[in-house]
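Chains R and P, in that order, give the protein sequences.
Counting in this note's numbering, the first sequence runs from 1 upward without gaps.
Counting in this note's numbering, the second sequence runs from 350 upward without gaps.
For reference, the structure is listed below as C-alpha cells.
2 protein chains.
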Amino acid sequence: MQLGKRKRDVLAATVDMYIRTGEPVGSKTVVKMLNHTVSSATIRNDMAELSAMGYLEQPHTSAGRIPTSAAFRLYIDHLMRKRSLSEKDCRNIDGLIKSAGDDPERLIGEASQALAQTTGCASVTTTPSGQAARIRKIEVIPISSRSAVLLLATDTGIIRTRACRFDRDVDSRAFEVLSKALNDTFRGSQLADIGLPQVQGMIGLLGEYGLACVPALTAFCHLVQETVEADVFLKGESNLLRHPDYDPVRVGRLLDFLTKREVLADLLSAIPKGLNVVIGGECQRPELEGTSIIVSNYNLGGRPDGYIGIVGPVRMDYAAAIPLTEYFAAAVGRALDEMMGIDRDNSDK
Amino acid sequence: MQLGKRKRDVLAATVDMYIRTGEPVGSKTVVKMLNHTVSSATIRNDMAELSAMGYLEQPHTSAGRIPTSAAFRLYIDHLMRKRSLSEKDCRNIDGLIKSAGDDPERLIGEASQALAQTTGCASVTTTPSGQAARIRKIEVIPISSRSAVLLLATDTGIIRTRACRFDRDVDSRAFEVLSKALNDTFRGSQLADIGLPQVQGMIGLLGEYGLACVPALTAFCHLVQETVEADVFLKGESNLLRHPDYDPVRVGRLLDFLTKREVLADLLSAIPKGLNVVIGGECQRPELEGTSIIVSNYNLGGRPDGYIGIVGPVRMDYAAAIPLTEYFAAAVGRALDEMMGIDRDNSDK
DNA sequence: TGTTAGCACTCGGCTTGCTGGAGTGCTAAA
DNA sequence: TTTAGCACTCCAGCAAGCCGAGTGCTAACA
Numbered sequence: 001m002q003l004g005k006r007k008r009d010v011l012a013a014t015v016d017m018y019i020r021t022g023e024p025v026g027s028k029t030v031v032k033m034l035n036h037t038v039s040s041a042t043i044r045n046d047m048a049e050l051s052a053m054g055y056l057e058q059p060h061t062s063a064g065r066i067p068t069s070a071a072f073r074l075y076i077d078h079l080m081r082k083r084s085l086s087e088k089d090c091r092n093i094d095g096l097i098k099s100a101g102d103d104p105e106r107l108i109g110e111a112s113q114a115l116a117q118t119t120g121c122a123s124v125t126t127t128p129s130g131q132a133a134r135i136r137k138i139e140v141i142p143i144s145s146r147s148a149v150l151l152l153a154t155d156t157g158i159i160r161t162r163a164c165r166f167d168r169d170v171d172s173r174a175f176e177v178l179s180k181a182l183n184d185t186f187r188g189s190q191l192a193d194i195g196l197p198q199v200q201g202m203i204g205l206l207g208e209y210g211l212a213c214v215p216a217l218t219a220f221c222h223l224v225q226e227t228v229e230a231d232v233f234l235k236g237e238s239n240l241l242r243h244p245d246y247d248p249v250r251v252g253r254l255l256d257f258l259t260k261r262e263v264l265a266d267l268l269s270a271i272p273k274g275l276n277v278v279i280g281g282e283c284q285r286p287e288l289e290g291t292s293i294i295v296s297n298y299n300l301g302g303r304p305d306g307y308i309g310i311v312g313p314v315r316m317d318y319a320a321a322i323p324l325t326e327y328f329a330a331a332v333g334r335a336l337d338e339m340m341g342i343d344r345d346n347s348d349k
Numbered sequence: 350m351q352l353g354k355r356k357r358d359v360l361a362a363t364v365d366m367y368i369r370t371g372e373p374v375g376s377k378t379v380v381k382m383l384n385h386t387v388s389s390a391t392i393r394n395d396m397a398e399l400s401a402m403g404y405l406e407q408p409h410t411s412a413g414r415i416p417t418s419a420a421f422r423l424y425i426d427h428l429m430r431k432r433s434l435s436e437k438d439c440r441n442i443d444g445l446i447k448s449a450g451d452d453p454e455r456l457i458g459e460a461s462q463a464l465a466q467t468t469g470c471a472s473v474t475t476t477p478s479g480q481a482a483r484i485r486k487i488e489v490i491p492i493s494s495r496s497a498v499l500l501l502a503t504d505t506g507i508i509r510t511r512a513c514r515f516d517r518d519v520d521s522r523a524f525e526v527l528s529k530a531l532n533d534t535f536r537g538s539q540l541a542d543i544g545l546p547q548v549q550g551m552i553g554l555l556g557e558y559g560l561a562c563v564p565a566l567t568a569f570c571h572l573v574q575e576t577v578e579a580d581v582f583l584k585g586e587s588n589l590l591r592h593p594d595y596d597p598v599r600v601g602r603l604l605d606f607l608t609k610r611e612v613l614a615d616l617l618s619a620i621p622k623g624l625n626v627v628i629g630g631e632c633q634r635p636e637l638e639g640t641s642i643i644v645s646n647y648n649l650g651g652r653p654d655g656y657i658g659i660v661g662p663v664r665m666d667y668a669a670a671i672p673l674t675e676y677f678a679a680a681v682g683r684a685l686d687e688m689m690g691i692d693r694d695n696s697d698k
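Shown next, in the form of C-alpha cells:
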C-alpha cells in the first residue's frame, strides 16, 4: 500500500461524505471529519496528490472533489469499516426466509424482495442452476385422452411441469410405458447431459407407442431445457427511482439491461465465486455506468450455486449493503440446504 | 349531445394536438388543424366556452389550453377516430401469441410483454381467474419417503404444483389412498368452494393414514388457495420512464401501486366487463393521477375471465392503443379457448 | 345572430448581468 | 512537513428586461 495513513483517512472521509451527500467534498469538510487534527491546507495538498493518483476528480476548478471508481474500489477493499448486523436483523431475515414454505423458487423470490427492501436498491437473484442438478423423478400425468402433463423433480428440490397435447387419442398404457422409459433412462442423469439425441434415442424403447409419444418427448426436451436455465428474479426496481442520482433515462436503460435475462445471466456467470462488488465504470457496459452491483453466490450442498445480489447507484451504502448481502446469501444457502436435507438423507431408499 | 359540430371539432383537434405535443394548444394551432375554415377569433370564442363547460383549462392567462379529464372522456367515447389495425399487425400478434406453446400462463405473459412493447406503455394482465375453475385432476407424486409433490390441474388448463414434507417416513400406500380420496372428493368441484372445513373433513376418509397425511392436506389447501388467486403480470415498466410526462417520483409511486397485487386486483375487479378506459383523475387513487388505464376482459369459453390492459400517461395515443388492446384481448381469448378446446371435447371420456 | 379583424393586455420563459460564497493552488513562514 | 494567508476561479442564484404566444374584448360586417 503506497498510500500513507493520513491520505488513506482523507480518502476514506471523502468517500464516506460523498456517499452521504452526493456533493463534491471540499477540504474543510474533510478537516471537520478528521476532528480538526490538521489544517485545511494540509488536506488540500493531500487531496491534490490523491487527484494526481487518480483517486479523486473535480467537476470544475473551484468545486470540491468526488471519488473515482478507483477510489471506491480501494474504499470497499481496504478502507471501509463494515457495519455488522444486529442480532435482531439476523433474526428478522431468518424468519422471513423461513416463512417461504417448501418451495425453493419462492424462497429465492422472497429473499430477493426482502434484500431489495432492506437495502433500498433493486435486487437480482437467480434460482439454483439446473446445470449440475440430477433428475430424481419424472412423472407423466394424463389429463385427458389427448393431453398430459410432464413433471420433473430434481435433487436440488426444483419441480417443473409442462403440458403437452396430442393430435389423437392416446392409450393410457402409452403413458405408463413412457413414464417408465423416461425414469429408467434419465433418473440420476445430470440435466446438462440430456439433449435431443438422447431423447430421440428413446423412441425405440417405446415400441408401438413410440410415434404417439413424440409430442411428449418434445415437451420433455423443453422441460429439461427450461429447468437447466436458472430463473432470474429482479425486484425492487422502483427503489432506484427514489435515488436522486438516477434520472429516468438512466433507470430506463438500466432496467432494459437488467430485464434481458440472458445478458444478465452472462454478466453474473463471469463473476468469480464469493462476494463481489462490480463498480460502475469497471465493467465495459455503458448501461452500468454509475451503478454498482453487489453480488454473492449462495451455496447449495456445499457448492457455490445461484446468485443473490443488489443493483444500485455507485454512491450506495456499501458498509451496510455488503454485510447484508453476505448474510442473505448465507441464509438462503442454509435454508435451501435444510429444505433439501431431509430428502437427501432418505432419497433413493 | 349539447355540443355543436364545430365545438366538437375544436375539442377533438385540441385533444389530438395535446396528445401529440404535451403543450397547451392555442387558437391558431387549432385553426391550422381545421384547415383555416374559420378565423382564430371564432376558435377563441369556442375555446372560451369549452373552458366554461369544463372541457379545457389554462395553466395561466396567456397560455394555450389543455384538455381536462372530462375532455378526454368525451374524446374517447365520441370524438376520436380509432385507427384500425393492419392485416399485418394482426398476423404479427397472432403469430406471437401462438408461439407461447401449451401453457396458458406463459401465453398471458407473452401477450402482456407484446402489448407493452407495441403500445409503449406498461401492461397489466391477469391469468384466468381460478374462482370458477373446476378441478380436473389431483395427483400426489412421492419424491422421497418423506416428501411429495401435489399437482392440481383445472379445466381452464392451469397446472400448479406444491411440495410438501413429512416429519417421518410415509408408507407409499398412504399416497395412493390420499390421491384417490382427494380425487374422489374434489374432482369436478369449483376451487372457490374448497376451504379448510372440506379438507379437514377428509381426514376421516383416510383411515389409518389420516394423521400422516396432514402436511399434504395443508399443502393442498395452500395449493387451492394459490390457484384461486389470479396471477398478475406487470411488464414494460421501463416504457413509462421514457415518457416525458412522467417524473421519477411519479413513476415510483405508480410502480409501487401496480406491484401491490391485491390492490391492483381490487381495482380491476371493480371494472365492468368489456373494454374500459379509466382516466387519471376519474378514479379516486392519488397514485393514478395523470395516468390512464385501458383494460379489457378476455373471454374464456364464452365467459369474461381475466384482464389484459395497459397503463400509461393520460396523454397517450388512445386511437391506436384502444384497438390494440381490444385485439389482444380477443386474440388471447381465442388462443386460450383453442388451447383448451381439444381437452374440453374429450375430457371425462 | 354568428363571424371576423384589430388591438391592448397578460404572463411565463429565456437571456443577460451581477454578486456571494465555496473551494482551490501557490507562496512564504514556522 | 505543516500551516496561514491570499489571489483566483467558477458556479449557483437572483433580478431585470425583453420577447412572443396567446388571450379577451370591441366594433364592424354578412
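Each residue gets a CB set at the ideal place from its N, CA and C atoms; glycine is no exception.
Beta-carbon contacts of residue i that lie in its chain and below 6 Å, excluding the five residues immediately before and after
i        : result
His409/P : none
Ile97/R  : Ala111, Ala331, Ala335
Asn92/R  : none
His592/P : Pro662
Three-state secondary structure (DSSP) of residue i
i        : result
Phe535/P : helix
Tyr404/P : coil
Cys470/P : coil
Glu390/R : Residue 390/R is absent from the model: chain R starts at 1 and stops at 349.
Ser129/R : coil
Ser641/P : strand
Pro104/R : helix
Thr378/P : helix
Asn384/P : coil
Leu624/P : coil
Val149/R : strand
Thr156/R : coil
Gly371/P : coil
Ile659/P : strand
Arg514/P : strand
Leu11/R  : helix
Own chain residues within Cβ distance below 7 Å of residue i, not counting five before or after
i        : result
Ala319/R : Met80, Arg81, Lys82, Arg83
Ala293/P : Nothing in the structure corresponds to residue 293/P, since chain P is present only between 350 and 698.
His443/P : Note on residue identity: the sequence assigns Asp, not His, to residue 443/P. Once the five neighbours on either side are set aside, the close Cβ partners of Asp443/P are Ala680.
Val199/R : Leu217, Phe220, Cys221
Leu604/P : Glu586
Val30/R  : Val10, Ala13, Thr14, Ile43
8 Å Cβ cutoff met for residue i and residue j
i        : j        : result
Lys137/R : Arg106/R : no
Arg160/R : Thr227/R : yes
Asp395/P : Arg422/P : no
Leu383/P : Ala362/P : yes
Arg315/R : Tyr18/R  : yes
Val573/P : Leu540/P : yes
Gly553/P : Gly544/P : no
Pro313/R : Gly290/R : yes
Leu527/P : Leu500/P : no
Residues of its chain near residue i, where Cβ-Cβ distance is below 8 Å and the 5 sequence neighbours each way are ignored
i        : result
Phe233/R : Ile108, Gly109, Ser112, Ser123, Val124, Thr125, Thr126, Thr127
Thr674/P : Leu464, Thr468, Leu624, Ile643, Val644, Ser645, Ile657, Gly658, Ile659
Cutoff 8 Å: residue i Cβ touching any chain R Cβ
i        : result
Thr640/P : no
Lys431/P : no
Val498/P : yes
Arg536/P : no
Asp686/P : no
Pro662/P : no
Thr510/P : yes
Short CB-CB distance (under 8 Å) between residue i and chain P
i        : result
Gly252/R : yes
Asp102/R : yes
Leu241/R : yes
Glu229/R : no
The ligand SAH heavy atom lying under 7 Å from the CB of residue i
i        : result
Ile392/P : Ligands are entirely absent from the displayed structure, and the ligand SAH is therefore not among its contents.
Enumerated in chain order, which unbroken segments of the alpha helix (DSSP H) with a length of 4 residues or greater are wholly contained in the region 205-269 of chain R? As far as the region 205-269 of chain R is concerned, its whole alpha helix (DSSP H) runs of at least 4 residues are 214-228, 237-242, 248-259, 261-269.
Quick one: complete alpha helix (DSSP H) runs, 4+ long, within the region 61-118 of chain R? Qualifying alpha helix (DSSP H) stretches, in chain order: 69-74, 87-98.
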